[in-house]
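*Asks:* Got a structure for you, questions after.
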């Protein structure tokens, strides 16, 4: 789903004309000991004496018919956002003075800060809210300098009733006219829809990322942008979490359960991620409590609350609480009663010492894909390993040859369109070499070769590639004998000494065999010339024909190098490892970018953290690491759990004039679909590396 619409008209601020009263409240009665991570029952009993008394901020803010509140710390002070069935979204300052609002019958409000690109100061807020009367998500931009509120709408057609929504921003936003946000919309039926929102001068482009079934009864949600975790509360279950990063496993976690399985008497009606610490504040009206949880589910602290001067016989329960940390010793609380009759406020001493997040790991930069292939035919974990075949006569007609390890071999054009399919069964790794001479009836013809390991036939598949058209024809004979068992990974090597093409193939026990490929009767046969062994399970490998080095990956250990020629040393040298190096298991695809004068890069898939690691081709020294993130403008998701990858330094034209990187995508999103391969201009990889290295030098 992708919609592009125009930006709506500006709304004026302060339409309610309300003024606020001063703040008052009382303080905690406990000594505020730190109990991070204790079990809920034990921690709650220790915290039972802590309490906060709320005061009504102003009678002029009564009858809001509010649903939820959020508080955002800004350079101009606190900004309180209230979703109201009567007034829409209401934005006030810390005194309760109304600064801006939208129209509508709104609920489930959320917001994210926008920074000034010049000096980093706070410039505005992106505000999301569900308009119940229209059953759509709306966005508003609130300018902190002039208090103007601008509403953005776009065409949405929901077949289910939307009840909960929350925002996420994975990067710092520095300009309201080009912003990428993620919105989670959750329906009454319990379907969660993750939407990528690209906001430009032309309006909002909304792209479906994925659908996640949560189940009925979702009450509230909140996203931790730092850890990319979605938290939600659900009737009959409790407080839960999953990865908001679509490129990771969901990893659902139950943080707090309803009785009798847990201590909750009610699903929280409001959630707030405390951004500085990553803790979760949950409002539980039936227990007249707000509880702060750790991301793992332990209770950090809890507080009882009440309303000063309230009706003791028919009290209005507090259903939405927000916490603003003024200092290490002072907290400020905001609250709303059932159906939002009043906005409430209180101050307290800090109840615990909250952990502070210092800085995020910035050792990994990001690049964007500019194209993707059609999906493979097979469902599940099927797409595996790509290779780039360069058409020497017309580089723009080069191909991506890739495996569907459940069905066979595909070739794709550079725009990702399928060109040819060869149903060969369980093929795994693929590689390409050029200018192989086939002989039949005394006549010779020159072709390029593609080789794929085949677990169905327990042999190697060899294909002739027509050097003009790129058409593949199966020509393999008996390449390897049965001594290897099931072949797993493999790669090709063209000897600069003899011109022979060799195949390296391995099995899951770590055994490698080297086979010389020999032309005979217009087909190809193999002659075994060497064996060597890794201690663990290998898969990917790549040969540097110019330097005479073979690089092999050991999935749970690291990268090794070995001499290519059969007569050379078989000593394995460790290049990098998972234990104390730059890789996160499994070590998967490996490829080589060959530059001028022997320069270039070794590129390795670090599957365990959805990243790719770069090494200097000459020295083998570590250079940097990157991830492939979603290109919202093109509605192409990023890549994750990459098995195979391929890179070429050839000028393929257009965006690929400095080469091309192709990576397998283990989770194909935007929308969810069968697996495929993502295409990244090498220019982006190299420019990102140089920028990252320059920034690192400047920091030191």
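In the numbering used here, the protein residues as written are 643 to 1342.
Note that beta-carbon positions come from the ideal geometry of N, C-alpha and C, so glycine has one too.
In this text the structure is predicted, and so the values were computed from the model without any measurement.
1) Select from 974, 778, 1108 and 1118 the residue whose C-alpha is nearest the C-alpha of residue 713.
2) Taking three-plus beta-carbon pairs below 8 Å as touching, is the segment 1269-1285 in contact with the segment 833-853?
3) What's the call for residue 759, buried or exposed, on a 16-neighbour Cβ count within 10 Å?
4) Short of 7 Å in beta carbon distance, which residues of its chain neighbour residue 1033, apart from the five on each side in sequence? Order them along the chain.
5) Run through DSSP, which three-state label would residue 1327 get?
6) How about residue 1168 and residue 1122: are their beta carbons less than 8 Å apart?
7) Going by DSSP, what residues sit across from residue 1079 in a beta bridge?
8) Looking at C-alpha atoms only, which residue of 1020, 1259, 1229 and 1143 is the closest neighbour of residue 1207?
9) Take every Cβ of the segment 1019-1029, pair it with every Cβ of the segment 963-983, and state whether three or more of those distances are shorter than 8 Å.
10) Determine the closest residue to residue 803 out of 901, 827, 922 and 899, with distance taken between C-alpha atoms.
11) When you compare only the Cα positions, how much space is there between residue 915 and residue 886?
12) When the Cα atoms are used, what is the spatial distance from residue 1292 to residue 1256?
13) Per DSSP, which residues does residue 1167 bridge with? Please list them.
14) State the Cα-Cα distance for the pair residue 1197 and residue 1229, rounded to the nearest angstrom.
15) Can you tell me which of the three DSSP states residue 1276 falls into?
16) Can you give me the Cβ contacts of residue 1334 inside the same chain, cut-off strictly under 6 Å, excluding the 5 residues immediately before and after it?
17) Alpha carbon to alpha carbon, how far is residue 1030 from residue 1149?
18) Is the number of C-beta pairs between the segment 1212-1224 and the segment 1302-1310 that are closer than 8 Å three or more?
19) Leaving out five residues on either side along the sequence, give the residues of the same chain with a beta carbon under 7 Å from the beta carbon of residue 1060.
20) Thinking C-alpha only, which one of 1181, 1178 and 1203 is nearest residue 1190?
21) Determine the extent of the beta strand (DSSP E) in which residue 1197 is found, giving its start and end residues.
22) Residue ranges of each beta strand (DSSP E) run of no fewer than 3 residues wholly in the segment 1087-1138, ordered along the chain?
23) Report the three-state DSSP secondary structure of residue 1316 (helix, strand or coil).
24) At the level of alpha carbons, what is the spacing between residue 940 and residue 1047?
25) Would you list the residues sitting across from residue 989 in a DSSP beta bridge?
26) Is the beta carbon of residue 985 sitting closer than 8 Å to the one on residue 923?
27) Please name the residue or residues paired with residue 784 in a DSSP beta bridge.
28) What number of angstroms, rounded off, separates the C-alpha of residue 875 from the C-alpha of residue 772?
29) To which residues does DSSP link residue 874 through a beta bridge?
30) Does the Cβ of residue 1339 have 16 or more other Cβ atoms within 10 Å, making it buried, or fewer, making it exposed?
31) How big is the Cα-Cα spacing for residue 958 and residue 860?
32) Tell me the DSSP bridge mates of residue 835?
33) Taking the alpha carbon of residue 716 as the point to measure from, which residue in 1186, 936, 745 and 968 has its own alpha carbon closest?
34) In angstroms with no decimal places, state the Cα-to-Cα distance between residue 895 and residue 1161.
35) Under the rule that 16 or more other beta-carbon atoms within 10 Å means buried, what is residue 1343, buried or exposed?
36) Going by beta-carbon coordinates alone, are residue 971 and residue 991 separated by less than 8 Å?
*Replies:* Looking at the coordinates:
1) Closest option to residue 713, judged by alpha-carbon separation, among 974, 778, 1108 and 1118: 974.
2) The segment 1269-1285, when compared against the segment 833-853, does touch it at the 8 Å Cβ threshold.
3) exposed
4) If we look at residue 1033 and ignore the five residues flanking it on each side, its Cβ neighbours are 1039, 1040 and 1112.
5) helix
6) yes
7) 1088
8) 1143
9) Contact check between the segment 1019-1029 and the segment 963-983: fewer than three CB pairs, one atom from each, fall below 8 Å, which does not count as touching.
10) 827
11) 14 Å
12) 18 Å
13) Bridge partners of residue 1167: 1160.
14) 4 Å
15) Residue state, collapsed to three classes: helix.
16) 1007 and 1266
17) 24 Å
18) no
19) 1016, 1052 and 1054
20) Minimum Cα distance to residue 1190 is reached at 1203.
21) It is not in any beta strand (DSSP E) - residue 1197 carries neither H nor E in the DSSP assignment.
22) 1101-1107, 1114-1116 and 1132-1136
23) Judged by DSSP in its simplified three-state form, residue 1316 adopts coil rather than helix or strand.
24) 43 Å
25) 974, per the DSSP bridge assignment.
26) no
27) Per DSSP, the beta bridge partners of residue 784 are 767 and 791.
28) Going by the C-alpha atoms only, they are around 17 Å apart.
29) According to DSSP, which records beta bridges pairwise, residue 874 is partnered with 863 and 882.
30) exposed
31) 22 Å
32) 827 and 853
33) Measuring C-alpha to C-alpha distances from residue 716 to each of 1186, 936, 745 and 968 identifies 968 as the nearest.
34) 57 Å
35) A query on residue 1343 cannot be resolved here, the shown segment of the chain reaching from 643 to 1342 and no further.
36) Yes, these two residues count as a Cβ contact at 8 Å.
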